[in-house]
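Novice: Sequences listed follow chains A and B, in order.
Going by our numbering, 71 is the number at position 71 of the first sequence; the sequence numbering is gapless.
Our numbering runs 1000 ahead of the 1-based position in the second sequence.
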Amino acid sequence: GENVEQHPSTLSVQEGDSAVIKCTYSDSASNYFPWYKQELGKRPQLIIDIRSNVGEKKDQRIAVTLNKTAKHFSLHITETQPEDSAVYFCAASRLNPSNTGNQFYFGTGTSLTVIP
Amino acid sequence: KAGVTQTPRYLIKTRGQQVTLSCSPISGHRSVSWYQQTPGQGLQFLFEYFSETQRNKGNFPGRFSGRQFSNSRSEMNVSTLELGDSALYLCASGEGRYEQYFGPGTRLTVT
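1) Can you look up leucine 1083 of chain B in the DSSP assignment and give me helix, strand or coil?
2) Three-state secondary structure (DSSP) at glutamate 83 of chain A?
3) Closer than 9 Å by beta-carbon distance: list the chain A residues that pair up with tyrosine 1098 of chain B, in chain order.
4) Could you compute how far the alpha carbon of histidine 1029 of chain B sits from the alpha carbon of serine 1022 of chain B?
5) Below 6 Å CB to CB, which residues in the same chain sit around glutamate 39 of chain A once its five sequence neighbours on both sides are set aside?
6) For the stretch 1042-1055 of chain B, enumerate the residues whose C-beta is nearer than 7 Å to any C-beta of chain A, in chain order.
7) Quick one, which of A/Asp17, A/Ser93, A/Tyr36 has its alpha-carbon nearest glutamate 2 of chain A's?
8) With a threshold of 8 Å between beta-carbons, can tyrosine 105 of chain A be considered close to chain B, or not?
9) Please say whether glutamate 15 of chain A and threonine 65 of chain A have beta carbons closer to each other than 8 Å?
10) Alpha carbons only, please: which of A/Ile47, A/Ser111, A/Lys42 is nearest the one belonging to phenylalanine 33 of chain A?
11) State yes or no: is the C-beta of glutamine 1006 of chain B within less than 8 Å of the C-beta of threonine 1106 of chain B?
12) Please compile the residues from chain C whose C-beta is within a distance smaller than 9 Å of the C-beta of threonine 110 of chain A.
13) Classify serine 1093 of chain B: buried if its beta carbon has 16 or more other beta carbons within 10 angstroms, exposed otherwise.
14) Taking 8 Å as the threshold (C-beta atoms), are phenylalanine 1045 of chain B and phenylalanine 104 of chain A in contact?
15) Below 8 Å on the Cβ atoms is my guess for arginine 43 of chain A versus phenylalanine 1102 of chain B; work out the distance and round it to an integer in Å.
16) Within the 8 Å Cβ cut-off, does tyrosine 1089 of chain B reach chain A?
17) Any idea if glutamate 1052 of chain B is buried or exposed, counting beta-carbon neighbours within 10 angstroms, 16 or more meaning buried?
18) Alpha carbons only, please: which of A/Val13, A/Pro8, A/Thr113 is nearest the one belonging to threonine 24 of chain A?
19) How is phenylalanine 1060 of chain B classed by DSSP in three states: helix, strand or coil?
20) Pick from A/Val114, A/Pro116, A/Gly109, A/Ile115: whose alpha carbon is nearest that of glycine 1040 of chain B?
21) Can you give me the Cβ contacts of lysine 1013 of chain B inside the same chain, cut-off strictly under 8 Å, excluding the 5 residues immediately before and after it?
22) Could you tell me whether any non-hydrogen atom of the ligand HEM is closer than 7 Å to the CB of asparagine 1071 of chain B?
23) Would lysine 37 of chain A be called buried (16 or more neighbouring beta carbons within 10 Å of its own) or exposed?
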C-alpha cells in the first residue's frame, strides 16, 4: 500500500516568515494530494489540494508543489500569521477509475507554531 | 449546505463493551470514510463506503465494522472494546472522487 512520510514533525517560525512542509509518497499511481489544517480541538479542514496533472497550485498565501518524478509534494505558507498555528496533514490518494472509490493515506502531521 | 455531522461527540465505554458511532455526510455526497486519530499514529484509515458498498478497507481488526444506508448516512461499530481503541474517530464525506470533508469527530474513551 501507499506510505506517506511528512517532515518536519514540528516547525516554529517568526510571524511574517515562510513555512515549508514536505511529504513523500511511495505509490506512483497516487494522483490526488490534499493538505489539511487542524486547529486544536477542531476537525481537519481542507486548505489546498493538487492533482497529478498539475505541478503547482496557489491560493493567496498558500501554495503546493508536486514533483511526480521524485514522488514528493510540499506546502508553502508565506507571510505567516499567528492564526496559521495548527497541525498540518498531507495526504495521498489514488482514485480508482473503475469504482470511483478512493483511499487516503495521511502523513503524521506537522505542528506549526507562528511566533508573534 | 450543512457540513458533516457526527454523533455522539463524546463517549465513555468500558473494556469489552461495544459502541456504534454515526456520521451524516454533506447532502449529495455518496462517499463516507472513517478514520481513527491518535496522538502517536495520526490519521489511520478504517474504511470507505460508497453508495452502501464498502470500497476500501484499512488494516484494522475485524472488531471494527461499518455500514452505509441508502441516505448515505454511515455507522461504525467497534465490538469488544480495548483500551487502545480510545481515540478521536473522524468521518469524512465526499463525492467519491477528490475532495473530502471531515466531521467534528467522536471522542471515544475506553476505561
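We put the beta carbon where it would ideally sit given N, CA and C, even for glycine.
Specialist: So, from the listed chains and residues:
1) Helix at leucine 1083 of chain B.
2) helix
3) Tyr32, Pro34, Asp49, Arg51, Ser93, Leu95, Asn102
4) 15 Å
5) Ala86
6) Against chain A - using a Cβ distance shorter than 7 Å - the residues of the stretch 1042-1055 of chain B are Gly1042, Leu1043, Phe1045, Glu1048, Phe1050, Arg1055.
7) A/Ser93
8) yes
9) The Cβ-Cβ distance between threonine 65 of chain A and glutamate 15 of chain A does not fall below 8 Å.
10) A/Ile47
11) yes
12) Among the protein chains in the structure shown, which are A and B, there is no chain C.
13) buried
14) yes
15) 4 Å
16) no
17) exposed
18) A/Pro8
19) coil
20) Per the C-alpha coordinates, the member of A/Val114, A/Pro116, A/Gly109, A/Ile115 positioned closest to glycine 1040 of chain B is A/Gly109.
21) Val1019, Leu1081, Leu1108, Thr1109, Val1110, Thr1111
22) For the ligand HEM, the structure offers nothing, since it holds no ligand at all.
23) buried
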